[in-house]
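**Student:** Protein chains in written order, with the working numbering: chain A, 1 to 212; chain B, 1001 to 1649; chain C, 2001 to 2480; chain D, 3001 to 3301.
C-beta: ideal position from N, C-alpha, C; glycine also.
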Amino acid sequence: MRDLNLLIGLAMGLNLVALGSSRLPSIIRATALQGVLLGIMPLVLEHDIGWQVVAVAVATALGKGVVIPGLLQRAMRAAHIEREIEPFIGFVPSLLLGALGTIAALAVARSLPLLPEHAKSLLVPGALASMLTGFVLLIGRVKAISQVCGYLIFENGIYLFGLLLIGSTPLLVEAGVLLDLTVGIFVIGIIVDRIQRAFDSLDTRKLTVLRE
Amino acid sequence: MRAGPWLVLALAALTLSAVAGRRWPRTWLVLIVAGGAAAAAASVLVLSGAPGWEWRGAFRIGGEALHLRLDALSAVFLALVGVLGGAGAVYAHGYWSDAQYPASAPRGRAWWSVLVLSMTLVLTLSNGLHFLVAWESFAIAAFFLITLDGGARAVRSAGWLYLAASHAGTLALFAFFALLSARTGSWDLGPMNAQAALAPLFWLALFGFGVKAGLFPLHVWLPSAHANAPSHVSAIMSGAAIKMGVYGILRFSGWLPVPNAAGWVVIGFGAVSALLGIAFAFAQGDLKRLLAYCSVENVGIILVGVGGAMLASTAGDAVWGRLLLAGALLHVWNHGLFKGLLFMGAGSVLHATGTRELSRLGGLWRRLPWTSLMFAVGVLAVAGLPPLNGFVSEWLVYLGLFDAVTSRGPSAWAAIFAALLLGTAGALALASFVKVGATVFLGAPRGPAAAKAHESGRAMLAPMGALAALCVTLGLAPTLAWPAIARGVAAWHPAWPATAAPLALQAIGGAQLALATLLIAGAIVAWHQWRGKLARRALTWDCGYAVPTARMQYSSASFAGIVTGWFRWILWPRLALRRPRGLLPARALRLERIPETVLELVIAPVGALFLQTASGARRLQHGSLQAYILYVVVALAALGAMVLEAGAR
Amino acid sequence: MRALLLIIVPLAGALVAALWRSDRSRPWLLPAVGTVHLALSIWLLAQPPVVAPAAWMGFDPVARAVLPLVSLLFFACSIYAVAYLRLRHERGNRVFVATLLAVIGLLSAGHQARHLGVLWIATEAVTLAAVPLLHFNGTPRAFEATWKYLLVGGTGIALSLLGSFCLGYASMHGGGSGDLTFVALAAQGAALSRPWVLIAWVLLLAGYGTKMGLAPMHTWKPDAYGEAPGIVGALLAGGVTTVAFTALLRVRAVVGAAGEGATADRTLLAIGLFSMGVAALFLLGTRNFKRMLAYSSVEHMGILSIAASLGPVGVFAALFHVWSNGLTKGALFLSSANIRRAANSASIDEVRGMAALTPRSAMIFVAGLFAVTASPPFGPFFSELLVVRAALGAGHYLAVLLFLACLLLAFFGLSRVVFAVVDGRPRPATVASSRRFVETAGALLPPALLLGLSLWLGLFTPDALRESWTAAAAQLFPAP
Amino acid sequence: MMIVLGFVLRLALWLLLAPLLPGLINKVKAWVAGRRGPPVLQLYYDLARLWHKQVVMSTLASPAFIIGPAVAWVAVLAATLLVPLGPAGATLSFRGDVILMLYLLALARFATTWAAMETGSAFEGMGAAREVSFAVLAEAAMIAAMLTLAVQTGSVSLATMLAPSVGTSAVLLAAGLFTVLLVENCRVPFDDPATHLELTMIHEVMVLDHSGPPLAAILHGASLKLLLFAVLLTQAVLPMGTYSPAVAAAVLLTGVLVVTVGVGAVESLMARFSFRRVPLLLTTAVLLCVFALLVAWQGAA
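(1) Whole angstroms is fine: what's the gap from L2073(C)'s alpha carbon to L2334(C)'s?
(2) Roughly how many angstroms lie between the CA atoms of P3193(D) and V3205(D), to the nearest whole one?
(3) Given L2101(C), which residues of its chain have a CB within under 8 Å of its CB, disregarding the five upstream and five downstream residues?
(4) Under the assumption that L2236(C) contacts A2308(C) (Cβ atoms under 8 Å), give the Cβ distance between them as a whole number of angstroms.
(5) Can you list the residues of chain A that E2144(C) reaches, using a CB-CB cut of under 9 Å?
(6) Could you say if the stretch 1234-1241 of chain B and the stretch 1333-1353 of chain B meet the contact criterion of at least three C-beta pairs nearer than 8 Å?
(7) Closest to F2182(C) by C-alpha separation, out of W2056(C), R2086(C), P2462(C) and R2352(C), would be which residue?
(8) Given a limit of 8 Å on CB to CB distance, which residues of the stretch 3197-3225 of chain D reach chain B?
(9) Mind pulling the chain A residues with CB within less than 7 Å of Y2169(C)?
(10) Quick test of your reading: A3285(D) and G3212(D), contact by CB under 8 Å. State the CB separation rounded to the nearest angstrom.
(11) Which of the three DSSP states is assigned to K143(A) in this structure?
(12) Measuring straight from C-alpha to C-alpha, what distance separates A1584(B) and R1578(B)?
(13) With a CB to CB cut of under 7 Å and the five nearest residues on each side skipped, what residues in its chain are close to L2319(C)?
(14) Return the CA-CA distance between R1107(B) and A2337(C), expressed in angstroms with no decimal places.
(15) Which residues in chain A have a C-beta closer than 7 Å to the C-beta of V2090(C)? List them in chain order.
(16) Kindly indicate if chain C contains any beta-carbon less than 8 Å away from that of F88(A).
(17) From the beta carbon of A1635(B), is the nearest beta carbon of chain C less than 8 Å away?
(18) What does a CB cutoff of less than 7 Å around L14(A) pick up in its chain, not counting 5 residues either side in sequence?
(19) By Cβ distance, which residues of its chain are closer than 6 Å to L2006(C), with the 5 residues on each side in sequence left out?
(20) Just how far apart, CA to CA, sit L2268(C) and F2378(C)?
(21) Give me the chain B residues within the contact set of Q3054(D), using Cβ-Cβ distance strictly less than 8 Å, ordered along the chain.
(22) If I measure Cβ to Cβ from L1201(B) and keep anything under 7 Å in the same chain, skipping five residues before and after, which residues do I get?
(23) Roughly how many angstroms lie between the CA atoms of F2136(C) and V2097(C), to the nearest whole one?
(24) Closer than 7 Å, Cβ to Cβ, to anything on chain A: give me those residues from the stretch 2006-2020 of chain C, in chain order.
(25) Buried or exposed for R1568(B), please, with buried defined as at least 16 other CB atoms from any protein chain shown within 10 angstroms of its CB.
(26) Can you grab the Cα-Cα spacing for the pair A1486(B) / A1292(B), in whole Å?
(27) Using 8 Å for Cβ pairs, my map puts A2394(C) next to L2310(C). What's the rounded Cβ distance?
(28) Decide yes or no for the touch test of the stretch 1088-1099 of chain B against the stretch 1064-1071 of chain B: beta carbon pairs closer than 8 Å, at least 3 of them.
(29) With contact counted as at least three CB pairs below 8 Å, one residue from each stretch, are the stretch 1237-1252 of chain B and the stretch 1207-1225 of chain B in contact?
(30) Can you list the residues of chain B that A2206(C) reaches, using a CB-CB cut of under 8 Å?
(31) If you scan the stretch 1436-1474 of chain B from start to end, which runs of the alpha helix (DSSP H) of 4 or more residues do you find wholly inside it?
(32) At a Cβ threshold of 8 Å, is G1623(B) touching chain A?
(33) Is the Cβ of G1386(B) closer than 8 Å to any Cβ of chain D?
(34) Name the chain A residues that come within less than 8 Å of R1289(B), Cβ to Cβ?
(35) Hey, does Q1626(B) have any beta-carbon neighbour from chain A nearer than 8 Å?
(36) Are the stretch 2251-2265 of chain C and the stretch 1027-1034 of chain B in contact at 8 Å, needing three or more beta carbon pairs?
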């Protein structure tokens, strides 16, 4: 349990890094690292580690930690952007929001009716904090890449919550969920790439042609 | 003889005519006249004492078994629909012919059939679900008929306004029938007066049907729709279609219990409609718009009768209620006939001159003698003057009101109010139709269009002649119509059985006949005697002014000027004025426009408010994905709060 | 097995399409699969199979009440697609045909899913599979629409995943065995942890509501429907949204079993009314007739949501409305696609007088307008009347008032746009562009068929369908 | 036989007596002004002369131009048949005849204005417009007056309505009806039958183009209408039912004379109102009649 909480704590720290950083590479890196951490978690959580669990862990770590960040980095280089500029929610307010959110997540998780074995775990607060971070990035950032990272972190949060159910849900379902999530992110990555080519930019302020 | 076969025949002929309408105009004409005649025959049978006809089929539509019913109340309206449907079709054959309107004439015929068919169904269906279906298809058919000449922007916007208003009414009926069926557990319609809990539903029906009937503040769609529609369509819209609203109000105040205030409200709105409708009519400068507003007045008169009957039935089934309802029902017929006639006459004028502007017409009696003659009959009838039919029904309503006053019950106050307003409205109607008749047909032509006018063909004159003949017949022999009307009254209120014509009605019939004889004799004598003394025809004397021009004639706006001033508070006349300046003024201008007050000063601002809200809301969808995700978060929070609040309780 | 064929045949078709060589003959795979799919689902509708209670997938009453509609819609679209893709021969259709077939296969899976996790997987898969369809036109606008569809839709889908987890946790909290089929969850009943059930409901409502297009999560809809080809719009509006709706119905049944049905109904009613209001306001102002259809879809999703909150009677009406709305919307999307193609624009500022240029499509478009605004005798009239009656029966007078007011405003907005497009005198540029478009049978028959079916559905609702809706309502509201 | 005789007698009474009234009024006016004035029978002479004159018709006018006056005359005459003459009663009486009477007067108005509009003259258009406009308020006052009578007597037939028990409302009703009489018959202060300034006239200006026998019909019709109103006013105000036949006849005759003299007195003492003030006076008449109605309602309760 302590190992798990340590990993979750790290992931929560990475949330703050992603919120506070203005440089896109560091956001991508923080997201990637969080993905790898998430990949490790099932190994820590499960008591009897079969090949399926290892496969899921490796797939998660590879997908979230390597493939998608790689895609994003390629798009970033192609678009020649390094920095997030003029975000809708500034970096300091984002960071404050993130910190407050983390505290709130801890408080809220305490008031939720959790099973006794989950009461001490950081899984629920970690999930809430990551989801909040994801939302802040999705709502507050201008560059498409930051938004995709936000979406990834948001999904990481959900993944963390899903770990509560590990062991009680059939593996087939878990694998399906994972596959869907990965494909989803992959498709998003592809679209980002296409947008970069079509608009020659990844600034979402240019993506407001469709409006009332 | 039974009415059922005739009705089935009518439905079949009308359905066939809808199919035949696009390709074969003559077949269509034969079928629709046959259908109209069969419908009228079925109604006449029921109205002359044949048992009412009721039929339940095993055939299901929308999950409900077909249920048709023709009782005396439906028959009163169905007879009118049959007559106007047939007459209007004949008129359309000349007025909106394939030669003149190759694109829209076939469509017009098909929709005409649908309109008449669906009105027939509205009057006979006895199932709430099917009633709504027929009601809406009637409304939509009317919409497509109004916009037959879709090229003109005015026509399109008039059509849309009609459609929008009609839809608002239909939605009220939607709620009405849904609530009715939710309360009773069945879509089937029929007498259910015993269930007192149903009384509040009347307000929904009053709104829904009131929109269609053109009750005063709900009339906003009516003037422009009736003015811009092709004239045969205006004729059936004003003559029969708005009566469907009256039918609805009557039907469901007869079958359902009504709240105690219903009679007061209906008689109040009726009286106000009568007065304001005719005040607006008098001020109009557009021939067909004037006629349209006059329909508002006449619906008001009808509803005064209906409201009075409701008051009487709550005041212990007082006898005067029957007179009022009989007057209202007779006025349904009368108004249908003379307004159909007038709109057809207006159509002939429009056909001949291409304009509806009173200020461009004039002196048409010489070029359109037959149209003028029949229009004059319509004018006399609509002004409620003896010895024509308009007077008889108004007289019945007045008599009922006077009786209500002398009975000195609480409803006397409503009757006093209504009688005063009706009297004023009557005088205004006379003024309006002197104005119409004079500016269109008398004096000198005010423009080249009027000077080169030509008389309409026989297909247009014949139906006008038929309607005029019916107007005269109903005027001179009201006792002929009485049994029919009395059965209609009995169908509305079973405790008011049909009796023989009251003595006073017989007397008025005799008086009408005698008066007509006297008038015709007087006219003939005068014409023969005095024409012999005709020294010469000369320029109008005009106090000696020797070079009169047509533009010096009193115009429509100046004729109505005094009364427009009195009703300034509701008419809001808009004036564009350029005074003559200098010694030798070159130009001067005076334009008066009467706005659609309710539409422009009430509906339009409210609509603008909605549009403003809408455009404000539309700014929320400004293309920024970040905001869209924020909305998701907000929705999540709101839903969470709702659930929390529910949990807290 | 027959039920599984509904999924396998299209997916196999997708595989074949991906491998097929000829661009010219490939589109014919669509009607081929469509016919088989339709035949299968009608057979299943007439003779429903027995579904094992514990099965993860199955053609149960809820699937039976909705899936044939999707099948029908796909059939019409597949015929239309042949004509459409012939017009668009300049663009390769390999991806388009393959993904279209995959979408219908996954939709069939989603409708038949009886397991919380499987349901989510299938729904998410449909969302992703539809992406290539959306940017078929390959314009920057199409990519922008896809981007928004993906991120807003993705957020929603993630929320519904979280909701599913919460529901799973509620079951675990109540000592559940880890069986996440809806039957098992409902069987746990009051044992489910209520707080977690409620949290799950909120998340699932927001999540699947995004997929359905309930306001304020509807924002992707106008963009996606506006930029995607008409067939895609028809399928999204009539098929994909219904998966999310049946998902909500299934979850609502579990929530009801846990004893929180009333709370769920309150939220459904509120979000439904809100959606209708938002849609009505947007309809009043929009100047693009394809976006108009999207807002109309939002409005009808609101109606479904309201109906779903009214108990078994309401659910019956809702399922009826799923059918009538799906068919009518299909006709509108396809006829508007014709008009859009002929006029080369979807803005009412540029398009008018289409009654003269594409008379038959315009006629279907106008008839569709009356149908979709609940004018009799089309299907939506009857279904909406049932909804109103159910709401009045439940005593929701204020809600009905708002409902009718929204219908009226929506009618104003819709009729304004439709008549602006149809009436008047066409612009010269429109006349020129319409010369390149011919109203072929392939482009006219599908919308006409759908409209005809909507009419037929209203007037003569087949007993088999009524019975299937009743059975579905009974499945979702089991008699105590 | 008696019925026919009575009918002929009453008809003769109406037809022959009517032209006397304008002569009386003019005599009163002359007397007040200290002039000798035209003979009382002047209108009879005028009518006789006009009857023999030829007719001139505007080139614009249709046959209705000369039929109109005949129709108007018949209509007024028909209206007089409904009005009871004190003890002699009415020729025709039935429930609701009061409304027929009002509408017969309206028919007369319609025919006159229609004929006026035939000429296409601005002057006659103006007169017609004024006539029909002021009639609107007069009509409301008449309805209110008739309602008052109906309330007082509980009847809706002129024969019984016009014999009310005298009530407090009589004064109000008298004032209201007298005003209506003045406007309906185009007397001062609404109109000035003596002036020849066209712009200020109502009735006179409408008949500018009429000549010969039609004009005679118009003039005679106007005098009939005046008599009708005078008879109506007298009987509406006085409790005719309480008198013996002879007294009643005398009272009616006196009443008509008083009304006639009253009209003459008003014309001598007042100036014509400006047109802006006419509606005000008419509204006052309406209000007087409505108040009379309220008082009658209270009194009869």
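**Tutor:** From the atom records:
(1) 11 Å
(2) 9 Å
(3) P2010, L2011, G2013, A2014, A2017, L2029, L2030 and V2033
(4) No, L2236(C) and A2308(C) are not in contact; Cβ-Cβ is about 20 Å, not under 8 Å.
(5) I195, A198, F199, K206, L207, T208, V209 and L210
(6) yes
(7) W2056(C)
(8) E3198, L3208, D3209, G3212, P3213, P3214 and A3217
(9) L164 and L165
(10) About 35 Å separates the two Cβ atoms, so there is no contact after all.
(11) strand
(12) According to the sequence as given, residue 1584(B) is Leu; it is not Ala. C-alpha separation (whole angstroms): 14 Å.
(13) A2065, V2066, W2469 and A2472
(14) 26 Å
(15) Sequence inspection shows Glu at residue 2090(C); the Val mentioned does not correspond to that position. What E2090(C) touches in chain A: nothing, since even the nearest Cβ is about 18 Å away.
(16) no
(17) yes
(18) A30, L33 and Q34
(19) L2040 and S2108
(20) 26 Å
(21) K1533, L1534 and A1535
(22) F1176, L1179, L1180 and L1256
(23) 11 Å
(24) none
(25) exposed
(26) 29 Å
(27) 5 Å
(28) no
(29) yes
(30) V1632, A1635, L1636 and L1639
(31) 1448-1451
(32) yes
(33) The residue asked about is misnamed: residue 1386(B) is Pro in this sequence, not Gly. It does: the Cβ of P1386(B) has a partner Cβ on chain D nearer than 8 Å.
(34) Here the premise fails: no neighbours, minimum Cβ distance about 37 Å.
(35) yes
(36) no
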